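Novice:
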Amino acid sequence: MGEPEPSRLVEEILALGEVFRGEVAPLKDEQELRAAQARFLGKKGSLSELMKRMGSLPPAERPRVGEAANRVKQLIEEEVARKLLRISALRRKRDLERLVDVTLPGRTTPNGHLHILTQVRRELCAIFAELGFEVATGPQVETDFHNFEALAMPADHPARDMQDTFYVGDGAGTLLRTHTSPVQIRTMLTRKPPLAIIAPGVVYRRDDDPTHSPMFTQLEGLCVDKGIRMSDLKGVLLHFVQRFFGPGLGLRFRASYFPFVEPGAEVDMRCSFCHGARSDCRLCKGSGWLEIGGAGMVDPRVFEQVGIDATAVSGFAFGMGLERMAMLRHGIHDIKLAYEGDLRFARQF
Ligand SMILES: [Zn+2]
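In our numbering, the protein residues as written are 23 to 371.
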C-alpha cells in the first residue's frame, strides 16, 4: 500500500485502451469484436478485475481511478463503434463484388411476335371477313368419305394419285387430310345455304422439296347461294389479291381440272414484282404471272353427296397455300425456312 499504488493502477487501467486497440486491429468480424469488448468491459472483464483493487485504496485516491476507468471505457466503446462501421463497409463491398456488377447493362425481356404464317393466316381471314366470309375449322385426321368420296373422288379416281396421302392405322378409311376441303363438306352437311366460309388449316401430303413440305397450310373458300356465278368468284379473288399483294394487280384464270369443281381453273395474278414488264424477273421467271391457287364452280355431284339441291343453288370454291402466299409476298425461296424455328428468319417478319 502507499503512494505508488494508485498511480500504477491508473496507468494499468489507461493501458487497457491500447491493448484493446491492438487486439481488435486484425478482426474483420462483428462477433469477434463483441467478444473482445466483453473480455475488456464485461462483468468478469479486464477492467472489472482492475477495479477490484480500488477497494484497498485510500478514499481520496479513488476518484482518479474512477476517472481513468470511465476514460478507458469510453475509448474502448469508441473503438468498437469505429471498428463496426469499418466491418459493415467491408461486408457491403464484399457482397457487391460477389453478387452484383453495378456497371453491367440491365437485363431486358425480349418481346416476341407472331410467326410469319400466323400473321399471314390472320390477315387473310380478315380480308375475307370484309366480304362476309366466316372461318370454319375441322379435324386434321379425316375419313376417306370427307376427304375424297364426298368430293367426287371415289376410290379408283386417278385424281387421288395427285395427293400422296398419309393413311392412319390399317390404311382403309382414316387419313391425314390432304386438303381443307373436308371442312367444306362438313359445313354443307350440317348447314343450309346461303354459306360463305373460309377454312384455313394444316394439311398433309407426301411431298418434300424446296417448294413443297409434307405438312403445309391451306386456305380454302366456299360460297353457296342462289345465283352464284363465276364472276362472283373472280370478284372475290380480285379483292383478295389487291388487298394482300397490292392495288392494281390483275388476275387470269386458266382452264384446269379438279374433280370437285366444274368448270375449274388455275388462278394466276400479275407478278407483284415486275407487273409483267421484265423478261428477266426472277419471281415470275419472265412470264409476268404468278400462280396463286385453284378455283372453280362447285360440281353438282358434290352437292348431291351432301344433300343440297343443285338445281336451286350454285357455288364456287377456291384454295390456296398459305405458305405460298407468304413466300410470294416476302420473296422467300425455301418453304422449310418457315418451320425450322431459326430466329434469324423469324425476326425478319
Ligand atoms: Zn415478274
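A virtual CB, placed ideally from N, CA and C, is assigned to each residue, including glycine. In this text, all values refer to a predicted model and were calculated from it rather than measured experimentally.
Taking the continuous alpha helix (DSSP H) assigned at Phe155, which residues delimit it?
Specialist: Segment: none, Phe155 is in no alpha helix (DSSP H) and carries neither H nor E.
Novice: Please determine whether the Cβ atom of Leu305 lies at a distance below 7 Å from any heavy atom of ligand 1.
Specialist: yes
Novice: Applying the 10 Å Cβ sphere with the 16-neighbour rule, what's the burial state of Pro161?
Specialist: exposed
Novice: Per the DSSP calculation, Leu211 is bridged to which residue(s)?
Specialist: Paired residues: none, contrary to the question.
Novice: Between which two residues does the beta strand (DSSP E) carrying Arg304 extend?
Specialist: Per DSSP, Arg304 lies in no beta strand (DSSP E) segment and is marked neither H nor E.
Novice: Please tell me whether Leu55 and Phe62 are closer than 8 Å, where the distance is taken between their beta carbons.
Specialist: no
Novice: Are the beta-carbon atoms belonging to Pro222 and Arg143 less than 8 Å from one another?
Specialist: Yes, the pair counts as a contact, with Cβ atoms nearer than the cut-off.
Novice: Please state the DSSP three-state secondary structure of Asp247.
Specialist: strand
Novice: For the candidate residues Leu217, Leu241, Ser253, Glu34, whose alpha-carbon lies nearest to that of Glu71?
Specialist: Glu34
Novice: Within 10 Å of its beta-carbon, does Glu100 have 16 or more other beta-carbons around it, so buried, or fewer, so exposed?
Specialist: Label assigned to Glu100: exposed.
Novice: Which same chain residues, not among the five before or five after Leu260, have their C-beta less than 6 Å away from its C-beta?
Specialist: Leu273
Novice: Among Met347, Glu313, Thr200, Ser29, whose alpha-carbon lies nearest the alpha-carbon of Ala82?
Specialist: Ser29
Novice: Using a Cβ-based criterion (distance less than 7 Å to any ligand heavy atom), does Cys293 qualify as near ligand 1?
Specialist: Taking 7 Å as the cut-off, one finds at least one heavy atom of ligand 1 near enough to the beta carbon of Cys293.
Novice: Out of curiosity, what's the CA-to-CA distance linking Leu198 and Glu164?
Specialist: For Leu198 and Glu164, the distance between alpha carbons rounds to 6 Å.
Novice: Counting only runs that start and end within the segment 334–370, where is the alpha helix (DSSP H) found for 4 or more residues in a row?
Specialist: For the segment 334–370, whole alpha helix (DSSP H) runs of length 4 or above, ordered along the chain, are 344–352, 365–368.
Novice: Given 7 Å as the limit, tell me if Gly310 has its C-beta closer than that to any heavy atom belonging to ligand 1.
Specialist: yes
Novice: Can you tell me which of Asn169, Asp356, Met349, Ala334 puts its alpha carbon nearest to the alpha carbon of Arg208?
Specialist: Among Asn169, Asp356, Met349, Ala334, the Cα nearest to that of Arg208 is on Asn169.
Novice: Count the other C-beta atoms from every protein chain shown that fall within 10 angstroms of the C-beta of Asp230, then say buried if there are 16 or more, exposed otherwise.
Specialist: exposed
Novice: Can you look up Phe280 in the DSSP assignment and give me helix, strand or coil?
Specialist: When DSSP states are grouped into helix, strand and coil, Phe280 belongs to the coil group.
Novice: Which of the three DSSP states is assigned to Val94 in this structure?
Specialist: helix
Novice: Could you work out which residue in Arg300, Arg323, Ser309, Phe155 is closest to Leu241 when comparing CA atoms only?
Specialist: Phe155
Novice: Determine the burial state of Arg114: buried for a count of at least 16 other Cβ atoms within 10 Å of its Cβ, exposed for fewer.
Specialist: exposed
Novice: So, for Leu97: in the same chain, excluding its five sequence neighbours on each side, which residues have a beta-carbon less than 7 Å away from its beta-carbon?
Specialist: Gly39
Novice: The beta strand (DSSP E) that contains Met319, what's its start and end?
Specialist: First-last of the beta strand (DSSP E) with Met319: 311–320.
Novice: Can you tell me whether Gln370 is buried or exposed? The criterion is at least 16 other CB atoms within 10 Å of its CB, across all chains shown.
Specialist: exposed
Novice: Considering only residues of the same chain and omitting the five flanking positions on each side of Pro127, which have a CB-CB separation below 7 Å?
Specialist: Within the same chain, and ignoring the five residues on either side of Pro127 in sequence, no residue has its Cβ closer than 7 Å to its Cβ.
Novice: Relative to the C-alpha of Phe275, which candidate in Phe282, Pro281, Leu255, Phe262 has its C-alpha closest?
Specialist: Checking every option, the nearest Cα to that of Phe275 belongs to Leu255.
Novice: So what does DSSP say about Met237, is it helix, strand or coil?
Specialist: strand
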